[in-house]
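Single-structure report; data block below.
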Amino acid sequence: MASEGGEDPRLPRIASTIRVIPDFPKPGIMFQDITTLLLDHEAFRHTIDMFVERYRDKRITVVAGIEARGFIFGPPIALAIGCKFVPMRKPKKLPGEVISEEYSLEYGTDIMEMHVGAVQPGDRALVIDDLIATGGTLAAAIRLLERVGAEVVECACVIELPELQGYQRLGGKPLFVLVKAA
Amino acid sequence: MACGKDGEQDPRIGGIAASIRVVPDFPKKGIMFQDITTLLLDPKAFKNTVDLFVERYIGKDVSVVAGIEARGFIFGPPIALAIGAKFVPLRKPRKLPGEVISEKYVLEYGTDCLEMHVGAVQPGDHALVVDDLIATGGTLCAAMNLLERAGAEVVECACVIELPELKGREKLNGKPLYVLVESR
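Heads up: the sequence lines are chains A and B, in that order.
Here UniProt numbering is used: position 73 in the first sequence is 73, and no number is missing along the way.
Here UniProt numbering is used: position 92 in the second sequence is 92, and no number is missing along the way.
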């Protein structure tokens, strides 16, 4: 598994803790499992540190984490930077008033929701998920944030599947990842 | 309006309680839903919440923090990182890849299931279970069962909010519960 940049000495440990599960959720898919990263306290710490180091001086005012694994990586970053955390959720999970964005799946569509009032015009947002595949989910998150007038500064993931070229679906927004999975 | 726990109230509790939003009739009529997303929009309140848990558990030999999907994923990892413990996600069925153990539990209508990865937790692990809220205690109970089945000792359950009228505390088989805010 290749690491982005390659020079940071923390990356090999982070990459080595990610477990690949074949044929999940269906035959042919090599699933990148970050739960084993979470079992290695030092690797988890390094992962968060690398994101925090990148974003602490970028005047980020909101970290938006995509349900559910974005909820694991987003909040520690938000806490370290001292900014808001906003959960981006599947339908009907958020109480109160929401805005919704539909996005494409391989078969069919899904919906992502964000609370009305969580994000304001002028907010500078970071979008977090554990992994970028096709980019569809991240693109939906970007659209939701932009609809309420926030500026998406960057998308950040632990893992990228470069063959799926998800970075091309981010409306020109930059993508930062720690590990590229071949 | 939520109030603090434990008599001698830590001065941070007031701000935490005030940041929690109550949404009436969600997910159905008659339920006053305790919404922690507004707490997450208040960096000081969120930091204070995590700090209160960390101060309680740091140096207490907790080797695992188990967070219940999905809001336990928000509070559990920062605690795990601060105290040097593993984080283990406890998930709805079919979300975890690889081999899992499952525990069924009772809902108001019907049953649900919580899963944990085989091998995430070992005999001898000391576990903290984290969720945003305890209502009836059914989910926390299922979580504790999973951890104990894998040989861990559950040290405590920790939640931001308790709904004391639902008596979830009594469902925890004698395991202690620590909460920051009670909501009546």
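All C-beta atoms in this analysis are idealised placements derived from N, C-alpha and C, irrespective of residue type, glycine included.
Please read all numbers here as calculations on a predicted model, not as lab measurements.
Looking at the strands, I want to know which residues DSSP matches up with residue i.
i, result
"A156 of chain A", "A:I128 and A:F176"
"R91 of chain B", "B:E115"
"S102 of chain B", "B:E115"
"M144 of chain B", "According to DSSP, which records beta bridges pairwise, M144 of chain B is partnered with nothing at all."
"A64 of chain A", "A:V86 and A:V127"
"K60 of chain B", "Bridge partners of K60 of chain B: none, in fact."
"V20 of chain A", "A:Q32"
"V129 of chain B", "B:A66 and B:C157"
"E151 of chain A", "A:R124"
"K86 of chain B", "B:V64"
How would you write the range of the alpha helix (DSSP H) that residue i sits in, first residue to last?
i, result
"D49 of chain A", "H41 to Y55"
"P77 of chain B", "G72 to I83"
"S16 of chain A", "L11 to S16"
"D51 of chain B", "P43 to Y57"
"T137 of chain A", "G136 to R147"
"F33 of chain B", "First-last for F33 of chain B: M32 to D35, but that is the beta strand (DSSP E), not the alpha helix (DSSP H)."
"E7 of chain A", "E7 of chain A -> no alpha helix (DSSP H), and no H or E assigned at all."
"A80 of chain A", "G70 to I81"
"A18 of chain B", "P11 to A18"
Mind checking which residues open and close the beta strand (DSSP E) that includes residue i?
i, result
"P87 of chain A", "K84 to M88"
"G67 of chain B", "V64 to I68"
"R21 of chain B", "R21 to P24"
"L177 of chain B", "L177 to E182"
"T109 of chain A", "T109 to H115"
"A181 of chain A", "Run containing A181 of chain A: none; DSSP gives neither H nor E here."
"E97 of chain A", "E97 of chain A -> no beta strand (DSSP E), and no H or E assigned at all."
"E162 of chain B", "E153 to E162"
"V121 of chain B", "First-last for V121 of chain B: undefined, no H or E at that position."
Using 9 Å as the limit for Cβ to Cβ distance, is residue i near chain D?
i, result
"P78 of chain B", "No chain D is present in this structure, whose protein chains are A and B."
Closer than 8 Å to a non-hydrogen atom of the ligand PLP - does that hold for the CB of residue i?
i, result
"G28 of chain A", "The ligand PLP is absent from the structure shown, which contains no ligands of any kind."
Note to self: If the cut-off is 7 Å on Cβ atoms, which residues from the stretch 27 to 52 of chain A count as contacting chain B, listed in chain order?
What the structure shows: F31, D33, T35, L38, L39, H41, F44, R45 and I48
Item checked: Near-chain A residues of the stretch 95 to 120 of chain B - C-beta to any C-beta below 8 Å -> K95, L96, P97, G98, H117 and A120
Item checked: Validate contact between the stretch 54 to 63 of chain B and the stretch 136 to 144 of chain B using beta carbons, cut 8 Å, 3 pairs -> no
Check: At a cut of 8 Å, does the stretch 62 to 82 of chain B reach the stretch 144 to 158 of chain B through at least three beta carbon pairs?
Finding: yes
Check: If you pair each beta-carbon of the stretch 146 to 153 of chain A with each one of the stretch 114 to 126 of chain A, do three or more pairs fall below 8 Å?
Finding: yes
Next item on the list: Determine which residues of the stretch 45 to 74 of chain B have a Cβ less than 7 Å from any Cβ of chain A, and write them out in chain order.
Entry: F46, K47, V50, E69, A70, F73 and I74
Notebook entry, point to check: Closer than 9 Å, Cβ to any Cβ of chain A: which residues of the stretch 146 to 180 of chain B, in chain order?
Noted result: none
Check: Are the stretch 90 to 110 of chain B and the stretch 33 to 53 of chain B touching, with three or more C-beta to C-beta distances below 8 Å?
Finding: no
Notebook entry, point to check: Do the stretch 107 to 115 of chain B and the stretch 127 to 135 of chain B touch if we need at least three Cβ pairs shorter than 8 Å?
Noted result: no
Notebook entry, point to check: Given a limit of 7 Å on CB to CB distance, which residues of the stretch 30 to 45 of chain B reach chain A?
Noted result: F33, D35, T37, L40, L41 and P43
Notebook entry, point to check: Are there three or more Cβ pairs, one per stretch, closer than 8 Å when the stretch 80 to 92 of chain A is compared with the stretch 79 to 96 of chain B?
Noted result: no
Notebook entry, point to check: Three or more C-beta pairs closer than 8 Å, one from the stretch 164 to 175 of chain A and one from the stretch 19 to 27 of chain A: is that the case here?
Noted result: no
Next item on the list: Below 8 Å between beta carbons is the criterion; list the residues of the stretch 15 to 28 of chain B that meet it against any residue of chain A, in chain order.
Entry: R21, V23, F26 and P27
Margin query: Taking contact to mean 3 or more Cβ pairs, one atom from each stretch, closer than 8 Å, check whether the stretch 151 to 169 of chain A and the stretch 10 to 26 of chain B are in contact.
Written below: no
Next item on the list: Spell out a yes or no on whether the stretch 56 to 68 of chain A and the stretch 125 to 132 of chain A are touching, meaning 3 or more CB-CB pairs, one atom from each, closer than 8 Å.
Entry: yes
Margin query: Would you call the stretch 36 to 48 of chain A in contact with the stretch 6 to 22 of chain A, where contact means no fewer than 3 C-beta pairs closer than 8 Å?
Written below: yes
Item checked: Residues within the stretch 75 to 87 of chain A neighbouring chain B, beta-carbon criterion of under 8 Å -> P75, P76, A78, L79, G82, C83, K84, F85, V86 and P87
Item checked: Interfacial residues, the stretch 140 to 173 of chain A to chain B, with Cβ spacing under 9 Å -> none
Note to self: Three or more C-beta pairs under 8 Å: does that hold for the stretch 65 to 85 of chain A against the stretch 27 to 41 of chain B?
What the structure shows: yes
Notebook entry, point to check: Between the stretch 47 to 56 of chain B and the stretch 74 to 86 of chain B, do at least 3 Cβ pairs fall closer than 8 Å?
Noted result: yes
Note to self: Measuring CB atoms only, is the stretch 99 to 108 of chain A touching the stretch 64 to 76 of chain A, in the sense that at least three cross pairs come out at less than 8 Å?
What the structure shows: no
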